[in-house]
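In this note's numbering, the protein residues as written are 19 to 199.
Glycine residues also receive a C-beta, built at the ideal position from the N, C-alpha and C atoms.
Only one structure is covered here, and it is reproduced in the block below.
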Amino acid sequence: MIRLFVALRPPAPIRDALADIQDGVAEARWQDDEQLHMTLRFVGEVERPQAEDLADAMQRLRCPATEARLQGVGAFGGRGRAGALWAGVTPREPIAALHRKVDQLCVQVGLEPERRAFTPHVTVARLPRGAGVDGPEVAAWRARHSAFATEPFLLDRVILYRSHLGRAGASYEPVVETPLG
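Shown next, in the form of structure tokens:
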């Protein structure tokens with residue numbers, strides 16, 4: 019089985035700004051530079067033929083490049099589930115439109131449509147189960163970085179990644195890069 023996801027990768031100066039807010043939450047597993055991306059569609063584990071079909075379909079993706087910026091921070095998770103700390107992406111609609119197009123390609127190759135609500139974001143840290151996204155450290159992190167914002171940047175390619183899970187966390191291998199615009 020091959021574990022896949024489709025994402026956008028912010029440029030190096032934006033990833034550097036994300037590295038600057040990775041502090042102050044003891045239980046957080048901060049994402050390294052390789053892991054900083056905006057997931058458009060988590061695919062999960064698929065057989066090789068379906069992975070190849072998706073790679074072919076991704077090359078047919080047509081969508082304009084879009085300008086975005088990171089603005090604000092937040093946390094997902096809670097109630098005993100693993101959580102995440104994230105930076106928000108704005109404007110939301112162009113990224114959401116791209117998410118819908120990627121989801122349509124996934125459905126065309128036989129995957130189930132995405133059922134979860136889409137929130138454009140970049141995960142900056144993962145939290146273990148029970149870490150408490152509403153705990154005092156996370157609240158302090160959110161307050162300290164509430165004004166976080168970057169300069170606008172261009173998102174000009176979509177990447178189909180293969181994810182390799184290991185003891186040190188996930189590593190990502192680009193499979194197909196599709197230019198936008």
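The alpha carbon of G42 has as its nearest neighbour, out of D121, S181, L183, A158, the alpha carbon of A158. If you check the CB distance, P154 and I113 do not come in under 7 Å.
Taking the CA atoms as reference points, P109 sits about 28 Å from S189. No Cβ-Cβ contact shorter than 7 Å links F23 with V64. Per DSSP, M19 is not a residue of any beta strand (DSSP E), being assigned neither H nor E.
Looking at the DSSP output, M56 sits in a beta bridge with L26. DSSP places H139 inside the beta strand (DSSP E), whose first and last residues are 139-145. Proximity of the segment 172-184 to the segment 88-96 falls short of the contact definition, fewer than three beta-carbon pairs being nearer than 8 Å.
Bridge pairing for I177: A25, E195 [DSSP].
In this structure L58 is buried. Its beta-carbon is surrounded by 16 or more other beta-carbon atoms within 10 angstroms. Here the alpha carbon of V194 sits roughly 24 Å from the alpha carbon of A186.
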